[in-house]
Structure formats: structure tokens, C-alpha cells
Amino acid sequence: MAKLADWLRLVVLAGVAAVLAVPSFQAAAGVGLPKLERGKGEKCVEDTQFMRRNHMELLKHQRDDTMRKGIRTTKHSLKGCVECHAGSQSGSVAAGKDDFCMACHVYTGTRLDCWDCHATKPGKQSFFGTGAAAGQAAASPRNPAHNQGGGQ
């Protein structure tokens with residue numbers, strides 16, 4: 001019985017070591033950080049490192065203030081982010097895997113659902129009047145046809 005317990009400990013330790021080694025294999029394989037195009041403004045509304053870690057909280061807070069309290073400000077608005085960070089090639093933040101939002105979200109493996117309702121390109125209409133035109137599917141990485149233009 002003691003030998004079985006020792007064997008199980010060894011298997012568990014080997015499994016943990018294998019899981020921890022995966023990021024090292026990725027680094028050795030040359031998987032680097034995403035290369036992001038510089039924004040169009042002089043500087044971001046917040047410090048770059050702060051935005052990398054907290055942009056989602058700022059956007060959620062902005063959403064809650066706008067949708068639930070009727071307070072509409074521009075400092076942390078998604079529209080402002082899109083206007084500044086839309087790529088020079090696609091004109092979008094999420095049309096392709098190299099666009100500003102998609103590059104990091106693909107890299108980190110996180111789901112990006114902003115574009116279910118909001119436009120990925122500046123100046124386009126959305127489902128709620130500032131992104132996808134009413135009656136059309138909203139721009140979404142899962143619905144790339146709508147990111148190419150049209151009513152977005």
C-alpha cells in the first residue's frame with residue numbers, strides 16, 4: 001500500500017511539472033507577446049500598464065453607469081477606445097486576429113463579447129444606435145462578415 005501511495009505521489013508530481021512546463025515550451029517556441037499598433041491619440045486615458053490590467057473593469061463600470069444610471073461620459077467609453085485603436089489595415093479593433101483588441105484576447109484565450117452589440121469600427125452604427133444597424137446582427141469576431149463593413 002505504501003508503494004502505491006509513493007507511486008501516486010510521483011504521478012501527481014510529474015503531472016504538475018508537465019502543466020507548469022507548458023509556458024516554458026511556448027516561450028522556447030518563440031510565442032511572443034502580441035505586437036499592437038500604436039493608438040491614434042497623443043496618450044491613452046490611463047497609464048498603459050494600468051489599462052492592460054484594468055480596462056475590462058473600466059468598461060464594465062462605464063457600461064453600468066450608462067445603462068443603469070443614465071450617466072454618459074467619454075473618458076472610459078468603448079467608442080473612444082475603438083476610435084483611437086482601430087487598425088490602419090482593417091479600420092477595426094476586432095476584424096482580425098492582429099487587430100488591437102483581438103491580438104491580446106487571442107493571446108490570452110479570453111472571450112471578447114463586446115462586439116455582440118457594439119461596432120468594431122469607428123463611425124459605424126451598432127445594435128443600440130452607435131454600432132450595428134437595427135435589425136442586423138451586431139459586429140462580432142464570431143460573425144466576421146459583419147466586421148467587413150455594411151451596417152457596422
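The sequence shown begins at 1 in this note's numbering and counts up by one. Virtual Cβ for every residue (Gly too), placed ideally from N, Cα, C.
Alpha helix (DSSP H) segment containing V82, residue limits | 78 to 85
By DSSP, does G39 sit in helix, in strand, or in coil?
-> coil
Would you call G70 buried or exposed, if buried means 16 or more other Cβ atoms sit within 10 Å of its Cβ?
-> exposed
Backbone secondary structure at R52 - three-state DSSP | helix
Three-state secondary structure (DSSP) at R9?
-> helix
Measuring alpha carbon to alpha carbon, tell me which of G87, V45, S77 ends up nearest E60.
-> The sequence shown places Lys at residue 60, rather than the Glu named in the question. The candidate whose alpha carbon is nearest that of K60 is S77.
When the Cα atoms are used, what is the spatial distance from V93 to D116?
-> 13 angstroms
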